[in-house]
Ligand SMILES: [Zn+2]
Ligand SMILES: [Zn+2]
């Protein structure tokens, strides 16, 4: 089952020629979630050939402009393009006030239902659960209320052992049941256990988006051993005081969180516009945590 994240924007504060503000698309088995929607998100979707019609859920971490100023434009385009399917939006309570005000002054009535889910910022909560995937919030520490998002696989469909299926002459119409963990019962009433017909399952996968935040070891227990962590790395270590004052993190601090949480992979993002070349940030992170990459716009990272 597909589980991957595509970066549309990984810059902080203002849009740059080569770097857009925060936005990314998480694809879990063709269920698409847009995480943050900075200015230019629509342009990036066009550039990387992603159809906004696919998005059913939009999650906004906080109300700094670099995380949501593209949202009203996207909501508007969806309406102009004739969307009728409901759209779920998650964010701080004031987000809906902003949207309603903009719809009101332009006398716009959306053709689709915008279902708003207000987020708490003092306690983690489960905001989505479809039986296979669960999303919970991660409480971050920033200048204004801010939440990260943790996507956790709840169960995975089993992989079929084709040789075994052929050996026991299992009809194709039963394959789905077997993927779901059921045994097969023959015409003569003999039960063939599921583990004989499937390949042992891999561990459940998970992804966390943590931006924006100061260095916050409090988040470590919740992120323990997750598969991929996207953590902001706005500054290099010479600007650690500035990071503290603005409630952001350095690359080494992001790496330290990844190390403490024993995550499998770390992806750095939310880069300050002052860095034309990001090598410095990577070089500061590697000694602390080796399995680290810099987020690249347009690139898809498989969570496995
Ligand atoms: Zn930001
Ligand atoms: Zn911010």
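Residue numbers (my numbering): 1 to 304.
Glycine included, every Cβ here is placed at the ideal spot set by N, Cα and C.
Presumed contact (8 Å Cβ cut-off) between residue i and residue j, rounded CB distance
i, j, result
"residue 255", "residue 220", "With a Cβ gap of about 13 Å, residue 255 and residue 220 do not count as contacting."
"residue 87", "residue 63", "The pair is not a contact, with the Cβ atoms about 18 Å apart (cut-off 8 Å)."
"residue 69", "residue 38", "6 Å"
"residue 209", "residue 35", "5 Å"
"residue 116", "residue 89", "5 Å"
Cβ-based burial, residue i [other Cβ within 10 Å; buried from 16]
i, result
"residue 262", "exposed"
"residue 24", "buried"
"residue 183", "exposed"
"residue 173", "exposed"
"residue 251", "buried"
"residue 47", "exposed"
"residue 298", "exposed"
"residue 6", "buried"
"residue 74", "buried"
Residues that residue i bridges to, as DSSP identifies them
i, result
"residue 86", "Partner(s): none; residue 86 has no beta bridge."
"residue 210", "231"
"residue 215", "BP columns for residue 215 are empty, so no partner."
"residue 23", "9, 37"
"residue 302", "4"
"residue 136", "126, 150"
Any non-hydrogen atom of ligand 1 within 7 Å of residue i CB
i, result
"residue 22", "yes"
"residue 64", "yes"
"residue 121", "no"
"residue 249", "no"
"residue 12", "yes"
"residue 67", "yes"
Sub-8 Å separation of residue i and residue j beta-carbons
i, j, result
"residue 10", "residue 231", "no"
"residue 157", "residue 179", "yes"
"residue 150", "residue 206", "yes"
"residue 216", "residue 272", "no"
"residue 259", "residue 214", "no"
"residue 136", "residue 66", "no"
"residue 266", "residue 229", "yes"
Residue i beta carbon near ligand 2 (any heavy atom closer than 7 Å)
i, result
"residue 212", "yes"
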